[in-house]
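Read through the structure below, which is laid out as structure tokens, and then see the notes.
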Amino acid sequence: MYLGGRYECTSRPAPDPHLFSLIRQPEARLVSHLHFLLAHIKVRLARSRRHTGMDIFQQKFCINNVPMWESLIPAILDNYNVRSFIGERAFHTPIWGIGPSHLEVARRLLLQFDLILDLDSGDAVSELLMYQGLGWNVTLAEVCATSRRILRRTAS
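Structure, rendered in structure tokens:
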């Protein structure tokens, strides 16, 4: 946590610990992954090969090659959340290989969480869940906003 010009790195057990998970729609996750890939291409590949990055993107990703996309992002195309909750073995299950037995395992694993926070539900719902579901008096967004304001002030 950022406190008055320094980072405080101490940790301590939470007084009332909660087990929660963050989920988001697979399509939104895909967009997030694509943003990461674009940044990776632009910064790393373009710099090392003296390209702009756009030419590499066009060559690799705009060729209308469905099998290439399936090999690149099978988990997102096929039951991303189920694969994520079950773990690595399910995550690497062949595409279209997730079935009812996997869904049942994921459903049971969800029962261990005190709170499931959908990142696509909007700020109002997220804040309500943090206040009521976790009993927090400050949300993560408010902490981040405060930290950014402090950083801006100390940097100027």
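Each residue of the sequence shown is one higher than the one before, counting from 808 in the numbering used here.
Every residue, glycine too, gets a C-beta built ideally from N, C-alpha and C.
Item to complete: Inspect the CB distances between the region 838-848 and the region 926-944 and report whether three or more fall short of 8 Å.
Response: no
- Query: Would you report the Cα separation of residue 814 and residue 910, rounded to the nearest angstrom?
  - Reply: Along the sequence shown, read from residue 1 onward, the residue named residue 814 stands at position 7. Along the sequence shown, read from residue 1 onward, the residue named residue 910 stands at position 103. Its pLDDT being 48, under 50, residue 814 is placed unreliably in this model, and the value from its coordinates should be taken loosely. Using only the alpha carbons, I get a separation of about 42 Å.
Exercise. What are the boundary residues of the beta strand (DSSP E) that residue 870 is part of?
Worked result: Translated into positions along the sequence shown, residue 870 becomes position 63. From DSSP, residue 870 is part of no beta strand (DSSP E); its letter is neither H nor E.
Same chain, Cβ closer than 6 Å to residue 888, five either side skipped, listed in chain order: Mapped onto the sequence shown, residue 888 falls at position 81. Correct list, in chain order: 830.
Residue 968 and residue 885 closer than 8 Å at C-beta: Here the chain comprises residues numbered 808 to 963, so residue 968 is not present and cannot be evaluated.
Open item on the list: If contacts are defined as beta-carbon pairs under 8 Å, then residue 908 and residue 898 qualify, I think. What distance do you get, rounded to the angstrom?
Closed with: Your numbering for residue 908 matches position 101 in the sequence shown. Your numbering for residue 898 matches position 91 in the sequence shown. Incorrect: roughly 15 Å between the Cβ atoms, too far for contact.
**Message:** Among the candidates 943, 945, 925, 930, whose CA atom is the shortest distance from the CA of residue 836?
**Reply:** In the sequence shown, counting from the first residue as 1, residue 836 sits at position 29. When only C-alpha atoms are compared, the closest one is 925.
>> Helix, strand or coil for residue 920? Go by DSSP, reduced to three states.
In response: One-based indexing of the sequence shown puts residue 920 at position 113. It is coil, neither helix nor strand.
Nearest-angstrom Cβ-Cβ length linking residue 916 and residue 893, presumed shorter than 8 Å: For the purposes of this step, residue 916 is taken as residue 109 along the sequence shown, with counting starting at 1. For the purposes of this step, residue 893 is taken as residue 86 along the sequence shown, with counting starting at 1. With 8 Å as the limit, residue 916 and residue 893 qualify as a contact, their Cβ atoms being about 7 Å apart.
Classify residue 913: buried if its beta carbon has 16 or more other beta carbons within 10 angstroms, exposed otherwise.
Here residue 913 refers to the residue found at position 106 of the sequence shown. Answer is buried; the Cβ neighbour count reaches 16.
Out of curiosity, what's the CA-to-CA distance linking residue 834 and residue 927? Sequence index remark: in the sequence shown, residue 834 carries index 27 (1-based). Sequence index remark: in the sequence shown, residue 927 carries index 120 (1-based). Computed Cα separation, rounded: 10 Å.
Could you spell out where the beta strand (DSSP E) holding residue 928 opens and where it closes?
As a first step, residue 928 must be located in the sequence shown, where it is residue number 121. Neither: residue 928 is in no beta strand (DSSP E) and is coded neither H nor E.
- Query: On the three-state DSSP scale, how would you describe residue 893?
  - Reply: As a first step, residue 893 must be located in the sequence shown, where it is residue number 86. Residue 893 falls in the helix class under three-state DSSP.
CB of residue 825 within 8 Å of CB of residue 930, strictly
Here residue 825 is taken as the residue at index 18 of the sequence shown, counted from 1. Here residue 930 is taken as the residue at index 123 of the sequence shown, counted from 1. The answer is no: Cβ separation not under 8 Å.
| task | Go through its chain and collect everything with a Cβ distance to residue 900's Cβ below 8 Å, but skip five positions before and after it. | result | Counting from one through the sequence shown, the residue named residue 900 turns up at place 93. Closer than 8 Å at Cβ, skipping near neighbours: 890, 909.
key: Among 933, 923, 932, the one whose alpha carbon lies nearest that of residue 828   = Here residue 828 corresponds to residue number 21 of the sequence shown, with the count starting at 1. Minimum Cα distance to residue 828 is reached at 923.
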